[in-house]
Amino acid sequence: MPQRATSPPRMVEYSPTAARTHAFCEKKYYFTWLARRKQGWRKPADHPWHRVYELKGVTSRHAWAGNLYHQVMARTLARVRYGVHPNEAAARRLARGVAEAQFAFSRERRFVGAVKSHVEAYDDISVFLALFEHAYDLPADGVLEETCADVDRWLSTTFAWDGWGPLIAEMRRAEAVHVEPRDLLYTLAGARIRARMDLGLLTRDHRFLLYDWKCHTDDERFVVHDRQKEEHQVLAYALWAMQPGTLGLPVERVVGHIYNPIAGECRAVRFTEAACADVELEVGRWARLQARLFDEVAEVDVDDLRGPYAPDRSCPWCPFKGVCGEEIAWHTLT
Ligand code: SF4
């Protein structure tokens, strides 16, 4: 009798963002997991999985401003590879045009029932936006203007940054340029990691320079903690360049840069063998944890999942509050 083929176990994925979400609130992590695993867009609009899928796309005003800055930077830098000199006025015009198109998309609630990857684009940038205010029927007065003003200021600061000219020159000379790459993958300690850098450059003298744009101000109470997390994230991506199967560079030839357009400051991050070993340990812990975490909805008792440290502060602004606060027997859903 022919043997039934069994599919090989899926490889665990490690992402610093997912790990942070899990540490912040296990329920939030569960909903994010559900949105990815259950293809909620295939369900009727009022099915809880469909609602989770939709809420996963909901974003706050501040996160929107950060995304918009990233999108315009990626578009601007991608053109440098084709010989187009970056132009500040053009970048600011692009940001304004995309912001207006995205805001109209959100205000008209076109995100309801939309599949993100199928939504139209404005100058190659998706107009998908689901603002928290629109998803939860809250006033959105001034949100477009405030966001445009923020991004406009950040772009001006970026073009005036003394590292901007050298960065563009380095891009032109580089042997390889990666702008928001999707295909840089490696495995470490039993997990697969996607190196989601904002910009990566392999220079002609075989150094790898990695850039990350951070559009937020440090909370004074958590400066050290936040910086450690940022550096951990950058190193998790930078390790791609050190793998024997990729570039195989020694640790001292890989340098991270965290540029903050709010402060106009760039911090160079140098890595050590010890820091690399720490990332490997953490990834290994994550891979083992995943094996103990839920694999199927039926295994999850949502009420037993740990919530955030201060629910009264975090939950009102959580995109998932619409489903999290409801009595839904998740384990019975199909
Ligand atoms: S509403 Fe609160 S408990 Fe629920 S997922 Fe969001 S942060 Fe976590």
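Per my numbering, residue 4 is the first one in the sequence shown, and the count goes up by one each step. Built from N, CA and C at the ideal position, the CB exists for glycine as well.
Task: Own chain, CB closer than 6 Å to residue 262, minus 5 neighbours either side, in chain order - done: The residue labelled residue 262 in the question sits at position 259 within the sequence shown. 216 and 269, listed in sequence order.
Open item on the list: Does the structure place the segment 303 to 314 close enough to the segment 199 to 215 that three or more beta carbon pairs sit under 8 Å?
Closed with: Segments in contact, no.
- [ ] Please classify residue 7: is it buried, with 16 or more other beta-carbons within 10 angstroms of its beta-carbon, or exposed?
- [x] Within the sequence shown, the letter at position 4 stands for residue 7. Unreliable placement is indicated for residue 7, whose pLDDT of 47 sits below 50; the coordinate value is still reported in the next sentence. The residue in question, residue 7, is exposed, as its Cβ has fewer than 16 Cβ neighbours within 10 Å.
Open item on the list: Could you pull the DSSP bridge partners for residue 179 from this structure?
Closed with: Here residue 179 refers to the residue found at position 176 when the sequence shown is read from its first residue. Looking at the DSSP output, residue 179 sits in a beta bridge with 205.
TODO: Report yes if the C-beta of residue 314 is less than 7 Å from at least one heavy atom of ligand 1; otherwise report no.
DONE: Taking the first residue of the sequence shown as position 1, residue 314 is located at position 311. Yes.
Open item on the list: Using the three-state DSSP reduction, which class does residue 145 fall into: helix, strand or coil?
Closed with: In the sequence shown, residue 145 corresponds to position 142, counting from 1. In the structure shown, residue 145 adopts coil according to DSSP, grouped into three states.
Task: Given residue 129 as reference, the closest of 138, 135, 43 and 117 once Cα atoms are compared - done: If you number the sequence shown from 1, residue 129 lands on position 126. Ranking the options by Cα distance to residue 129, first place goes to 117.
Open item on the list: Does the contact criterion of 3 or more C-beta pairs under 8 Å hold for the segment 82 to 97 versus the segment 38 to 55?
Closed with: No, the segment 82 to 97 does not touch the segment 38 to 55.
Task: Length of the line joining the Cα atoms of residue 112 and residue 106 - done: Taking the sequence shown and counting its residues from 1, one reaches residue 112 at position 109. Taking the sequence shown and counting its residues from 1, one reaches residue 106 at position 103. The straight-line gap from Cα to Cα measures roughly 10 Å.
TODO: Run the CB neighbour count on residue 14, radius 10 Å, all protein chains shown included, and call it buried at 16 or more, exposed below.
DONE: Translated into the one-based positions of the sequence shown, residue 14 becomes position 11. Counting Cβ neighbours within 10 Å, residue 14 comes out exposed, since fewer than 16 surround it.
Task: Span of the alpha helix (DSSP H), counted from its first residue to its last, around residue 27 - done: For the purposes of this step, residue 27 is taken as the residue at position 24 of the sequence shown. If you look at residue 27, you'll find it in the alpha helix (DSSP H) that goes 19 to 27.
Task: Pairwise C-alpha distance: residue 23 and residue 282 - done: Indexing the sequence shown from 1 puts residue 282 at position 279. Indexing the sequence shown from 1 puts residue 23 at position 20. CA-to-CA, the gap between residue 282 and residue 23 works out to about 14 Å.
Open item on the list: According to DSSP, residue 263 sits in a beta bridge with which residue or residues?
Closed with: For the purposes of this step, residue 263 is taken as the residue at position 260 of the sequence shown. Paired residues: 268.
- [ ] In the DSSP assignment, find the beta strand (DSSP E) that holds residue 212 and state where it starts and stops.
- [x] As a working note, residue 212 is residue 209 in the sequence shown. Note, residue 212: beta strand (DSSP E), 211 to 216.
Open item on the list: Closer than 7 Å to a non-hydrogen atom of ligand 1 - does that hold for the CB of residue 169?
Closed with: Along the sequence shown, one-based indexing puts residue 169 at 166. Taken from the Cβ of residue 169, every heavy atom of ligand 1 lies 7 Å or farther away.
Task: Coarse secondary structure for residue 163, derived from DSSP in three states - done: If you number the sequence shown from 1, residue 163 lands on position 160. Looking at residue 163 - three-state DSSP - the assignment turns out to be helix.
Task: 7 Å CB neighbourhood of residue 73 in its chain, flanking five on each side removed - done: If you number the sequence shown from 1, residue 73 lands on position 70. Cβ-Cβ distances below 7 Å link residue 73 to 201 and 216 in the same chain, with the five nearest sequence neighbours on each side left out; the list follows chain order.
Task: residue 57 versus residue 176: straight-line alpha-carbon distance, rounded - done: Within the sequence shown, the letter at position 54 stands for residue 57. Within the sequence shown, the letter at position 173 stands for residue 176. Taking the straight line from one Cα to the other gives about 43 Å.
Task: Nearest to residue 243 (by Cα), restricted to the options 104, 179, 189 and 51 - done: Taking the first residue of the sequence shown as position 1, residue 243 is located at position 240. Per the Cα distances, 189.
TODO: For residue 265, I'd like the list of residues in its chain whose CB is within less than 6 Å of its CB, leaving aside the five on either flank, ordered along the chain.
DONE: Within the sequence shown, residue 265 is the residue found at index 262, counting from 1. Around residue 265: 220.
Task: Extent of the continuous beta strand (DSSP E) to which residue 139 belongs - done: Taking the sequence shown and counting its residues from 1, the one referred to as residue 139 is at position 136. First-last for residue 139: undefined, no H or E at that position.
Open item on the list: Per the DSSP calculation, residue 189 is bridged to which residue(s)?
Closed with: Here residue 189 corresponds to residue number 186 of the sequence shown, with the count starting at 1. As a beta-bridge residue in DSSP terms, residue 189 pairs with 196.
Task: Those runs of the alpha helix (DSSP H) which lie wholly inside the segment 290 to 335 and span at least 4 residues - done: As for any alpha helix (DSSP H) of minimum length 4 sitting wholly inside the segment 290 to 335, the runs are 314 to 317 and 324 to 327, ordered along the chain.
Open item on the list: For residue 241, count the other beta carbons within 10 Å of its own beta carbon; 16 or more makes it buried, fewer makes it exposed. Which is it?
Closed with: Counted from its first residue, the sequence shown places residue 241 at position 238. Counting Cβ neighbours within 10 Å, residue 241 comes out buried, since at least 16 surround it.
Open item on the list: I need the straight-line Cα distance from residue 195 to residue 102, nearest angstrom please.
Closed with: For the purposes of this step, residue 195 is taken as residue 192 along the sequence shown, with counting starting at 1. For the purposes of this step, residue 102 is taken as residue 99 along the sequence shown, with counting starting at 1. Roughly 34 Å between the two C-alpha positions.
- [ ] Mark residue 231 as exposed unless 16 or more other C-beta atoms lie within 10 angstroms of its C-beta, in which case mark it buried.
- [x] On the sequence shown, residue 231 is found 228 positions in, with the first residue counted as 1. Exposed, since its Cβ has fewer than 16 Cβ neighbours within 10 Å.
Task: Neighbourhood of ligand 1 [Cβ distance below 7 Å to any heavy atom], ordered by chain position - done: Ordered along the chain, the selected set is 28, 30, 31, 34, 310, 311, 314, 317, 318, 321, 323, 324, 327 and 328.
Task: Other residues of its chain near residue 181: CB distance less than 6 Å, five sequence neighbours each side excluded - done: For the purposes of this step, residue 181 is taken as residue 178 along the sequence shown, with counting starting at 1. 203.
Open item on the list: Can you look up residue 125 in the DSSP assignment and give me helix, strand or coil?
Closed with: To locate residue 125, count along the sequence shown from 1; it is residue 122. In the structure shown, residue 125 sits in a strand (DSSP, three-state: E or B).
Task: Coil, strand or helix - residue 15 by DSSP - done: For the purposes of this step, residue 15 is taken as the residue at position 12 of the sequence shown. In the three-state DSSP reduction, residue 15 falls in the strand class (E or B).
Open item on the list: Just to confirm, is the Cβ distance from residue 290 to residue 85 under 8 Å?
Closed with: Position 287 of the sequence shown, counting from 1, holds the residue named residue 290. Position 82 of the sequence shown, counting from 1, holds the residue named residue 85. Going by C-beta atoms, residue 290 is not nearer than 8 Å to residue 85.
- [ ] Taking only the alpha-carbon atoms, compute the straight-line gap between residue 156 and residue 162 and give it to the nearest angstrom.
- [x] Stepping through the sequence shown from its first residue, residue 156 is reached at position 153. Stepping through the sequence shown from its first residue, residue 162 is reached at position 159. Distance from the CA of residue 156 to the CA of residue 162, rounded to the nearest whole angstrom, comes to 10 Å.
Open item on the list: Quick test of your reading: residue 135 and residue 62, contact by CB under 8 Å. State the CB separation rounded to the nearest angstrom.
Closed with: Reading the sequence shown from its first residue, position 132 is the one you call residue 135. Reading the sequence shown from its first residue, position 59 is the one you call residue 62. Confirmed, Cβ separation roughly 7 Å.
Open item on the list: Could you check whether the Cβ of residue 96 sits closer than 7 Å to any heavy atom belonging to ligand 2?
Closed with: Although ligand 2 was asked about, the structure shown includes only ligand 1 as ligands.
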